[in-house]
Amino acid sequence: MSAAVLGAPVLTKEERSGKYLAFHLGPEEFGIQVLKVREIMGIQEITAVPHTPQHTKGVINLRGKVIPVVDLRLKFGMPEAIYTQRTCIIVTEVEGESGPMMIGAVVDGVSEVLNLSPVDIEDTPDFGGEVATTGLLGMAKVKGKVKILLDIDHVMTHQDLKDLGKILS
Amino acid sequence: MNHSEIEALLEKAATQFMLGENAETEASLALLGSATVCAEASALAGELSRTVRKSSTEDEWPDDATRSRMEAGLDQLRKLLSEGGSQSLPAASTGSPVANSSSSSALNQDPELVGDFILEAREHLQTVETGLLVLEKEPANPDTLNAVFRSFHTIKGLAGFLEFANIQALAHEVETILDLARTGQLVMTPNLIDLTLESSDYVGKEINRIEAQLHAKDPGPVLDPGLLLVRVRTVIGGDHSGDHSGNEATPDLEPQELKPVQAEVFGAKIAPSSSNTAQPANTPKTTHPKAVPAEQMDAKTKRGMATDTHAIRVDTAKLDYLLDMVGEMVIAESMVRLDPELSGTKNTRLQRNLNQLRRVTEEVQKVAMATRLIPVGTLFQRVNRLVRDTSRKAGKMAEVELIGEDTQLDKTIIEELTDPIMHMVRNSIDHGIETPADRVQAGKPQSGRVQLKAYRQADHIQIEIVDDGRGLHKEKILAKARERGLINESVHLTDSEIFQLIFEPGFSTAEKVTDISGRGVGMDVVKKQIQKLRGKIDIHSTPGLGTTFYLKLPLTLAIVEGLVVGVGRERYILPIFSVQEMFRPVEGQVSTVQSRGEMVMVRNQLLPLIRLHRSLGVKPKTEDTAQSLLIVAETEGKRFVLMVDEFVGKQEVVIKSLGASLKNTTGIAGGAILGDGRVGLILDLEAIYSERNLKAEVIKESLLEAC
Chain F
455 MSAAVLGAPV
465 LTKEERSGKY
475 LAFHLGPEEF
485 GIQVLKVREI
495 MGIQEITAVP
505 HTPQHTKGVI
515 NLRGKVIPVV
525 DLRLKFGMPE
535 AIYTQRTCII
545 VTEVEGESGP
555 MMIGAVVDGV
565 SEVLNLSPVD
575 IEDTPDFGGE
585 VATTGLLGMA
595 KVKGKVKILL
605 DIDHVMTHQD
615 LKDLGKILS
Chain P
309 MNHSEIEALL
319 EKAATQFMLG
329 ENAETEASLA
339 LLGSATVCAE
349 ASALAGELSR
359 TVRKSSTEDE
369 WPDDATRSRM
379 EAGLDQLRKL
389 LSEGGSQSLP
399 AASTGSPVAN
409 SSSSSALNQD
419 PELVGDFILE
429 AREHLQTVET
439 GLLVLEKEPA
449 NPDTLNAVFR
459 SFHTIKGLAG
469 FLEFANIQAL
479 AHEVETILDL
489 ARTGQLVMTP
499 NLIDLTLESS
509 DYVGKEINRI
519 EAQLHAKDPG
529 PVLDPGLLLV
539 RVRTVIGGDH
549 SGDHSGNEAT
559 PDLEPQELKP
569 VQAEVFGAKI
579 APSSSNTAQP
589 ANTPKTTHPK
599 AVPAEQMDAK
609 TKRGMATDTH
619 AIRVDTAKLD
629 YLLDMVGEMV
639 IAESMVRLDP
649 ELSGTKNTRL
659 QRNLNQLRRV
669 TEEVQKVAMA
679 TRLIPVGTLF
689 QRVNRLVRDT
699 SRKAGKMAEV
709 ELIGEDTQLD
719 KTIIEELTDP
729 IMHMVRNSID
739 HGIETPADRV
749 QAGKPQSGRV
759 QLKAYRQADH
769 IQIEIVDDGR
779 GLHKEKILAK
789 ARERGLINES
799 VHLTDSEIFQ
809 LIFEPGFSTA
819 EKVTDISGRG
829 VGMDVVKKQI
839 QKLRGKIDIH
849 STPGLGTTFY
859 LKLPLTLAIV
869 EGLVVGVGRE
879 RYILPIFSVQ
889 EMFRPVEGQV
899 STVQSRGEMV
909 MVRNQLLPLI
919 RLHRSLGVKP
929 KTEDTAQSLL
939 IVAETEGKRF
949 VLMVDEFVGK
959 QEVVIKSLGA
969 SLKNTTGIAG
979 GAILGDGRVG
989 LILDLEAIYS
999 ERNLKAEVIK
1009 ESLLEAC
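For the protein sequence lines, the chains are F and P, in the order given.
Using the numbering used here, you'd call the opening residue of the first sequence number 455 and step up by one each time.
Using the numbering used here, you'd call the opening residue of the second sequence number 309 and step up by one each time.
Structure, rendered in structure tokens:
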């Protein structure tokens, strides 16, 4: 049943296993595939761009390239947080409509790189239709804590996860 | 033997030929000739078989001429057989003969190689065109003849290797003409030059089609080279009292004179294999059948390019990355140099080293910027051809003079500039230059003159298009403008303003519409295009003496000179070419006009005021106009005033895209890295202006509804 919720293409647990970068937004822990991460940088001054959605914080200079930055808290409908020393920008490379593009994601902090084996991963539970789960690869249980694995390609290019925060709280 | 067996046999023969197994090729072809039901194919197969035998009995590796003849023959045979096949077996695939003739397996197998071919062939066609125009004046110029010959030769070789049979066949025949010409057996008459130009046009069109196919676009219908081929062959057969007795339609037209050339080029390679006739199994050619044409081609290419300056092809993406990095280096350097700890230093050695670093950084930046620049010569050369064709069509005489062909401009600008320049030159010939009779009557030389001049002036490039024709007719333009209601009777205009009227859409003073120009479409497009390139266009004209178009263009599109302004905590960049002036308003200068919003009186003109913080939705330092800075901006001929908090500085910035997800943001044209490493947003003034108008409309409508 849960496989149907995930939507196509459904990846097997083996395909979803591997290395994940773990980060947190408030009390929630998340993971994204390490292969999608280009680099992690401390928070820096972001130039706001007018006429953009609230979660688009603006643009930064990544060694001569201008890349957009998205605040994942706002993207998931979570309350905004004040940026601190621990706030990070994870620079990801995602598949856009016109090829790969780099997008920065503001998170509260990164914790570690996890090596997840197939048995650690479970399918995403049904949230009762209130939130699309296409952007989630599944759940991972590590040392008794649950981490939500994100399909960052989907998260960065769709707007259907804005209620995720509400459900988690 | 059924159809597919025959086709298989043909492929076997082709492979054997490629491997140099002459005896086997000969046998296969002979067998094929006797097996096929199609009479034409049978005859051709027999002939090819004899050709192979002839070259192998002559104890000589098939030379290049025979090789290409054989390849062409084999191709034709394939075509014949597939046509014959579809007749006898209607269920078999249809349409393959057409596809065969113009598409090559290389297209799918080696797109990179085909891409290189397209680039290289275009360069050669450019050489050909330039050369032919020289030949028109000096038909026997040996250097030019050789250059044109070599270009066609290279195109032929490359096309043959990549299996573009049409191009190969035509280039081969044209090459023969040119060879006859350079050995003095044929004179390049204007007719011949026309024919050769047409052939090069054909090759150009075919290359466009190949490019379209490469990018999986619709290439359009297949162009048949048949007629051109026949004409070229007639020339070769007729003018040349030849070594062969031929009315043959097969491409057996290779005169013996070609041999020495090839022997010279490939001499080293031919020699070792000449000792073994039928089984050259121990030559490297057998072990790497594919490498044979490639090696030969290399030699040809090198020969063809010997006259070029040393150049390499670099992917533009790599160049852009280099420019990004250099930009970063410049910023990092200035941050180090201006660091308070260093800038106040008394250490002379450190100061000296920092200065050295700055000089080197500046130099690196300059060089990196220059990599994107190419000489305008490539563009000017095309004008030569255009003037020749247009003046002939219009029954006029005109000469072209090119000055400053070495002037360097950004590649993108040159590409975008081609159409406008072509259009203006076409206009100069059609409207400017008089007919020879009129010119003599006016006391001018019979032949008109069109001059293209390019030179650098400070930080921009000036291009002038000068003709010595009849000049623009001021009264006619004025009358036409009044007739069309562009201006009213009472307005007094300066000359330059009158001339600018010809850039209005649909404006033409030509009495009759020709197929060259006169429909009044174009000059407005020209102006738009120039403006898109952030350039300006101006006209000077004296009745009876001619017209000059002045184009002023930036060196590159990648860099824009910007005015950095601050609004609240944000900083924005305005392109300086659209800024006219800035000032602090005095009391009473800003007023609210009913239903039109806020207006500012600037030099006795009321201009609309746009508060930048409102259109961008940021919090300003102050709402008070008296404490803000007002900037008069102009875009697309519309003037308006922008209100910002403060002026930060002037800076040359490299324009960068904001990326796929943000590139369509209203009011923002792009981003740029400022001196401190932060990103500044470049404003799209036109969008900001039209958005404001849109808002005003909405407000007006809602007001009307409320009433």
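Backbone N, C-alpha and C fix where the C-beta goes; we use that ideal spot for every residue, glycine too.
Note that the coordinates shown come from a computational prediction; the quantities given were computed from them, not determined experimentally.
Scan the region 408-493 of chain P and note each continuous beta strand (DSSP E) run of 3 residues or more that stays entirely inside, going in chain order. none
Would you mind giving the Cβ-Cβ distance between residue 528(F) and residue 509(F), rounded to the nearest angstrom? I have them listed as a contact below 8 Å. 4 Å
Along chain P, in chain order, which residues have C-beta atoms closer than 8 Å to that of residue 519(F)? 632 and 964
Minimum Cβ-Cβ distance from residue 505(F) to chain P less than 8 Å: yes
Under 8 Å by Cβ, that's how I've got residue 596(F) and residue 574(F) pegged, so tell me the actual separation to the nearest angstrom. 7 Å
Three or more C-beta pairs below 8 Å linking the region 531-545 of chain F and the region 906-925 of chain P: no
Does residue 593(F) come out as helix, strand or coil in the three-state DSSP assignment? strand
Chain P contact for residue 453(F) (CB, 8 Å cutoff): Nothing about residue 453(F) can be reported from this structure: the residues present for chain F run from 455 to 623 only.
Using 8 Å as the limit for Cβ to Cβ distance, is residue 624(P) near chain F? no
For the 8 Å Cβ check, are there 3 or more pairs between the region 868-883 of chain P and the region 795-805 of chain P? no
Between residue 501(F) and chain P, is the shortest Cβ-Cβ distance under 8 Å, so that the two count as touching? yes
Please classify residue 699(P): does DSSP put it in a helix, a strand, or coil? helix
Find the residues of chain F that neighbour residue 986(P), judging by a C-beta separation of less than 7 Å, and give them in chain order. 499, 501 and 515
I need the DSSP call for residue 537(F), collapsed to helix, strand or coil. coil
If we cut at 8 Å on Cβ distances, does residue 398(P) have a partner in chain F? Model confidence at residue 398(P) stands at a pLDDT of 37, short of 50, so the residue's coordinates are unreliable and nothing is read from them.
So if I threshold CB-CB distances at 8 Å, which residues from the region 556-581 of chain F count as touching chain P? 556 and 557
What does residue 552(F) reach in chain P if we use C-beta pairs closer than 7 Å? 968
Going by CA-CA distance only, name the one from 792(P), 761(P) and 833(P) that's closest to residue 684(P). 761(P)
Quick one: give me the first and last residue of the alpha helix (DSSP H) that residue 878(P) is part of. Taken as a continuous stretch (DSSP letters only), residue 878(P) belongs to no alpha helix (DSSP H), being part of the beta strand (DSSP E) at 878-883.
Would you list the one or two residues that DSSP bridges to residue 554(F)? 549(F)
Hey, how far is the Cα of residue 873(P) from the Cα of residue 555(F)? 30 Å
Identity of the residues DSSP links to residue 566(F) by a beta bridge: 476(F)
So, at 7 Å on beta carbons, what are the nonlocal neighbours of residue 509(P) in its own chain, with the 5 sequence-adjacent residues on each side left out? none
Does DSSP classify residue 912(P) as helix, strand or coil? coil
Would you please verify whether the beta carbon of residue 481(F) is less than 8 Å from any beta carbon of chain P? no
Helix or strand or just coil, what does DSSP make of residue 835(P)? helix
Measure how close the beta-carbons of residue 440(F) and residue 973(P) come, nearest whole angstrom, since I'm counting them as under 8 Å. No answer is possible for residue 440(F): it lies beyond the span of chain F, which begins at 455 and ends at 623.
Do you know offhand how far residue 514(F)'s Cα is from residue 521(F)'s? 6 Å
If you drop the 5 nearest sequence neighbours on each side, which residues of the same chain put their C-beta closer than 6 Å to that of residue 782(P)? 806
Are there 16 or more other CB atoms within 10 angstroms of the CB of residue 569(F), so buried, or fewer, so exposed? exposed
Across which residues does DSSP place residue 768(P) in a beta bridge pair? 765(P) and 862(P)
When you compare the region 695-708 of chain P with the region 445-457 of chain P, are there three or more beta-carbon pairs, one atom per stretch, that lie closer than 8 Å? no
What does residue 646(P) pair with, by DSSP beta-bridge criteria? Its beta-bridge partners do not exist; DSSP assigns none.
Buried or exposed (CB count within 10 angstroms, at least 16 for buried), residue 692(P): buried
Three or more C-beta pairs below 8 Å linking the region 479-491 of chain P and the region 462-471 of chain P: yes
Just the Cα atoms here: how many angstroms apart are residue 796(P) and residue 501(F)? 49 Å
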